[in-house]
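S.K.: Right, I'll just put the structure down here and ask away after.
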Amino acid sequence: MDDQRYTFSAEKSPTMAVVESVAAVSNTEPTELPPLYDAINPDALDSLFESSETRDLSTVRVSFPYNGYDIAIQGGSNLTVELEAQTE
Numbered sequence: 001m002d003d004q005r006y007t008f009s010a011e012k013s014p015t016m017a018v019v020e021s022v023a024a025v026s027n028t029e030p031t032e033l034p035p036l037y038d039a040i041n042p043d044a045l046d047s048l049f050e051s052s053e054t055r056d057l058s059t060v061r062v063s064f065p066y067n068g069y070d071i072a073i074q075g076g077s078n079l080t081v082e083l084e085a086q087t088e
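Numbering (UniProt numbering), first residue to last: 1 to 88.
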């Protein structure tokens, strides 16, 4: 599977964008996914990307595994979902 890239608006929280994107890629209902807090603190993730006039979010990048996918969020609106690499 190639990377799936998404852009989300400021009206949508990063946590919602992650859950909705992983649900779409995995063809799963969002409510059937494991809790996001098993992978990352959702409040901290949302707080990190809160809009601010004093912070430049373009340099902020967070990545973490979730439900068999590598998730990367950059700049507060760009999201990449990639199947986790299988180690042998």
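C-beta: ideal position from N, C-alpha, C; glycine also.
Restricting to runs no shorter than 3 residues, where is the beta strand (DSSP E) found entirely within the segment 12-77?
M.R.: Listed in chain order, the complete beta strand (DSSP E) runs (minimum 3 residues) inside the segment 12-77 are 61-66, 69-74.
S.K.: Based on the DSSP output, what are the partners of Q4 in its beta bridges?
M.R.: Looking at the DSSP assignment, Q4 forms a beta bridge with V81.
S.K.: Determine, using beta carbons only, whether Y66 comes closer than 8 Å to chain C.
M.R.: Within the model displayed, chain C is absent; a lone protein chain is all it includes.
S.K.: For the pair the segment 1-12 and the segment 54-64, tell me if three or more CB-CB distances fall below 8 Å.
M.R.: Taking 8 Å as the limit for Cβ pairs, the verdict is that the segment 54-64 does not touch the segment 1-12.
S.K.: Please classify A85: is it buried, with 16 or more other beta-carbons within 10 angstroms of its beta-carbon, or exposed?
M.R.: Exposed, since its Cβ has fewer than 16 Cβ neighbours within 10 Å.
S.K.: Short of 7 Å in beta carbon distance, which residues of its chain neighbour V19, apart from the five on each side in sequence? Order them along the chain.
M.R.: Cβ within range, chain order: P30, L33, L36.
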